[in-house]
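Here the protein sequences line up with chains P and D, keeping their order.
Mapping to the UniProt record's numbering: the first sequence position 163 is 163, numbers consecutive.
Mapping to the UniProt record's numbering: the second sequence position 69 is 69, numbers consecutive.
For every residue, glycine included, the Cβ atom is placed at its ideal position computed from N, Cα and C.
Structure first, commentary second.
Protein chains: 2
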Amino acid sequence: MRCLIVEDDPRIAADLAGALTRAGFRTEQVADGEAAWFRGGTEDYDLVILDLGLPRLDGLSVLKRWRAEGRAMPVLILTARGSWNERVEGIDAGADDYLPKPFRMEELVARARALIRRASGRINPVQTLDRLVLDLNRQVASVDGRMLNLTPLELRVLVYLAHAGDRVVTPTELLEHLYGDEDAREANALEAVIARLRRKTGPGIIGTRRGFGYYLDCAR
Amino acid sequence: MRCLIVEDDPRIAADLAGALTRAGFRTEQVADGEAAWFRGGTEDYDLVILDLGLPRLDGLSVLKRWRAEGRAMPVLILTARGSWNERVEGIDAGADDYLPKPFRMEELVARARALIRRASGRINPVQTLDRLVLDLNRQVASVDGRMLNLTPLELRVLVYLAHAGDRVVTPTELLEHLYGDEDAREANALEAVIARLRRKTGPGIIGTRRGFGYYLDCAR
DNA sequence: CGGCATTTGTCAGCGAAATGTCAGCGCCGC
DNA sequence: GCGGCGCTGACATTTCGCTGACAAATGCCG
Numbered sequence: 001m002r003c004l005i006v007e008d009d010p011r012i013a014a015d016l017a018g019a020l021t022r023a024g025f026r027t028e029q030v031a032d033g034e035a036a037w038f039r040g041g042t043e044d045y046d047l048v049i050l051d052l053g054l055p056r057l058d059g060l061s062v063l064k065r066w067r068a069e070g071r072a073m074p075v076l077i078l079t080a081r082g083s084w085n086e087r088v089e090g091i092d093a094g095a096d097d098y099l100p101k102p103f104r105m106e107e108l109v110a111r112a113r114a115l116i117r118r119a120s121g122r123i124n125p126v127q128t129l130d131r132l133v134l135d136l137n138r139q140v141a142s143v144d145g146r147m148l149n150l151t152p153l154e155l156r157v158l159v160y161l162a163h164a165g166d167r168v169v170t171p172t173e174l175l176e177h178l179y180g181d182e183d184a185r186e187a188n189a190l191e192a193v194i195a196r197l198r199r200k201t202g203p204g205i206i207g208t209r210r211g212f213g214y215y216l217d218c219a220r
Numbered sequence: 001m002r003c004l005i006v007e008d009d010p011r012i013a014a015d016l017a018g019a020l021t022r023a024g025f026r027t028e029q030v031a032d033g034e035a036a037w038f039r040g041g042t043e044d045y046d047l048v049i050l051d052l053g054l055p056r057l058d059g060l061s062v063l064k065r066w067r068a069e070g071r072a073m074p075v076l077i078l079t080a081r082g083s084w085n086e087r088v089e090g091i092d093a094g095a096d097d098y099l100p101k102p103f104r105m106e107e108l109v110a111r112a113r114a115l116i117r118r119a120s121g122r123i124n125p126v127q128t129l130d131r132l133v134l135d136l137n138r139q140v141a142s143v144d145g146r147m148l149n150l151t152p153l154e155l156r157v158l159v160y161l162a163h164a165g166d167r168v169v170t171p172t173e174l175l176e177h178l179y180g181d182e183d184a185r186e187a188n189a190l191e192a193v194i195a196r197l198r199r200k201t202g203p204g205i206i207g208t209r210r211g212f213g214y215y216l217d218c219a220r
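Here it is as structure tokens:
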């Protein structure tokens, strides 16, 4: 069970992480909206705890963006006590639950568990990027309607590029995403993956910008 | 959209009925636990609003009885403000959501809508997935009309996969579902179960996507 | 309580798929 | 033309999932 905590107050974040870790979650933290959006969009979490007041990009916008991109993981919003309009907005934006501050850690954990129970088996919409279609439910991709038989690593690359949109992604960034910083690989490992991917997708899907990185050709 | 309101205070019940009717629900009301249990158990509702403090039979017991009988409609519990332990109990009893009193009617409606959105497509007592038929009442499964003599664990795997639809389920997720996080098993335990299952179902039912997980072949 | 049958977990080993590494080459941009 | 980045194919290695046999746990019945 992997959980992303989005909270800018380090004290609260630490409390949350503590309670959830004790409850058996693996927790990761980010403290601003931009980072939250990116992490939640590229990694797979079983649960997200989302504070609304965030620097750089507020929580509701983060949530809306995730849902617009088809990310369907359960999200529990932390709201200020009594701000019922915030709650309604949150639900409309695609939140699965909210918890008014202050709250008991026991309750947070109970609701987290319930959310996950409820959310398991939820459907992730498919992403269509011109010729490329990504279906995270079935873990498959297709180009021009032709199924690609992708390996896990290959699919992860494709999903990451898709999330980046038409932005050029540096090899370093991709390497860091695929493997952590701890067990790094040769830069060539990535090139090999890309090569195998291209052999399956055919030309016109993954582009190279010499000296910069890779991008999704069909996303622009 | 048919909604059952279980509430013994006539004023609150009237308010609820008003708001929900304006929101497009057909509402029906009962004021005590016995009546609630009977109505909810014999009629089909899209949503139940359930107060916990009820005469004759308290709300939690009603809910537990419904769930024990296999009634799966979404239930929104009304709790007294701040009684967080009551909320936890409610969730454990099978509630889909709760709302602390007092609350705004706008919020109730928003949450009711969200609940129904979430609950639509919930499992049917007898599921037919192409060649595979699951009967949860009798706890049996059959393929091409041929009965499978499944063990409890095997059936649980099949039901979970069926619930996931055509989604690919990771071994981790399945393991966590079958056993809790507390008494974990070797990953191989699952593989053994799958193997035995496949021997009984024959080929073409449970598929593997190497590196991703398992899926129901006949659900796609 | 004890024995039997069924269910379930563990182990070791195998084969195949996925991934990493390497060496060499082509091609882009200067 | 040249230097180097990035691509490619071949090969090595690692990981993953399946299988069959056995052991442990569970449950049932007398």
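Asparagine 124(D) by DSSP, collapsed to three states: which one?
Any reading at asparagine 124(D) must be qualified, since the residue scores a pLDDT of 49, below 50, and its modelled position is unreliable; the value itself is stated next. Under the three-state reduction of DSSP, asparagine 124(D) is assigned to coil, being neither helix nor strand.
For valine 6(P), which option in Ala192(P), Leu129(P), Ala35(P) has the closest C-alpha, if you only look at C-alpha atoms?
Comparing Cα-Cα distances from valine 6(P) to each of Ala192(P), Leu129(P), Ala35(P), the minimum goes to Ala35(P).
Around the C-beta of glutamate 154(P), are 16 or more other C-beta atoms found within 10 angstroms, so that it is buried, or is it exposed?
Around the beta-carbon of glutamate 154(P), 16 or more other beta-carbon atoms lie within 10 Å, marking it buried.
Between arginine 138(D) and chain P, is the shortest Cβ-Cβ distance under 8 Å, so that the two count as touching?
No, no contact with chain P.
Relative to chain D, which residues along the UniProt domain "OmpR/PhoB-type" (124–218) of chain P have a C-beta separation below 7 Å, given in chain order?
Along the UniProt domain "OmpR/PhoB-type" (124–218) of chain P, the positions whose C-beta sits under 7 Å from a C-beta of chain D are Asn137, Arg138, Gln139, Thr151, Pro152, read in chain order.
Is it the case that the Cβ atoms of cysteine 3(P) and isoleucine 77(P) are separated by a distance below 8 Å?
No, they are not a contact pair.
Where does methionine 147(D) sit, in a helix, a strand or coil, going by DSSP?
Of the three classes helix, strand and coil, the one that applies to methionine 147(D) here is strand, per DSSP.
Which residue's Cα is closest to the Cα of aspartate 8(P): Glu28(P), Asp130(P), Leu148(P), Gly213(P)?
Residue Glu28(P) is the option with its Cα nearest to aspartate 8(P).
At least one CB of chain D closer than 8 Å to the CB of isoleucine 91(P): is that the case?
At least one chain D Cβ lies under 8 Å of isoleucine 91(P).
Under 8 Å by beta carbon: chain P residues contacting arginine 39(D):
Correct list: empty, because the minimum Cβ distance to chain P is about 24 Å.
Residue range of the beta strand (DSSP E) that arginine 26(P) falls in?
Run containing arginine 26(P): 26–30, per the beta strand (DSSP E) assignment.
Going by DSSP, what residue range makes up the beta strand (DSSP E) through isoleucine 194(D)?
Residue range 187–201 is occupied by the alpha helix (DSSP H) that includes isoleucine 194(D), with no beta strand (DSSP E) assigned at that position.
Secondary structure of alanine 23(D), DSSP reduced to three states
Reduced to three states, the DSSP call for alanine 23(D) is coil.
When you compare the CB of alanine 23(D) with every CB in chain P, is at least one pair closer than 8 Å?
By this cut-off, alanine 23(D) is not an interface position.
Determine the closest residue to arginine 117(D) out of Leu190(D), Thr42(D), Asp46(D), with distance taken between C-alpha atoms.
Checked all of Leu190(D), Thr42(D), Asp46(D); the closest Cα to arginine 117(D) is Asp46(D).
Does the CB of alanine 72(D) have a neighbour CB from chain P at under 8 Å?
Proximity of alanine 72(D) to chain P, defined by a Cβ-Cβ separation below 8 Å, is not satisfied.
Write down the C-beta distance between valine 62(D) and aspartate 96(D) rounded to the nearest angstrom, noting that I regard them as a contact closer than 8 Å.
About 14 Å; that fails the 8 Å criterion.
Going by other Cβ atoms of all chains shown within 10 Å of its Cβ, with 16 needed for buried, is asparagine 137(P) buried or exposed?
Result: buried.
Can we say the segment 14–21 of chain D touches the segment 192–212 of chain P, given the rule of at least three CB pairs closer than 8 Å?
When C-beta atoms of the segment 14–21 of chain D are compared with those of the segment 192–212 of chain P, fewer than three pairs fall below 8 Å, so the two segments do not count as touching.
Neighbourhood of alanine 162(P) by C-beta distance below 8 Å, restricted to the same chain and skipping five residues each side:
The beta carbon of alanine 162(P) sits closer than 8 Å to those of Gln127, Leu129, Leu132, Leu134, Leu216, Ala219, all from its chain and outside the five residues before and after it, given in chain order.
Do you know how far the Cα of alanine 23(D) is from the Cα of leucine 108(D)?
Roughly 10 Å between the two C-alpha positions.
For a contact defined as C-beta to C-beta under 7 Å, what are the partners of alanine 114(D) on chain P?
Those are Ile91, listed as they occur along chain P.
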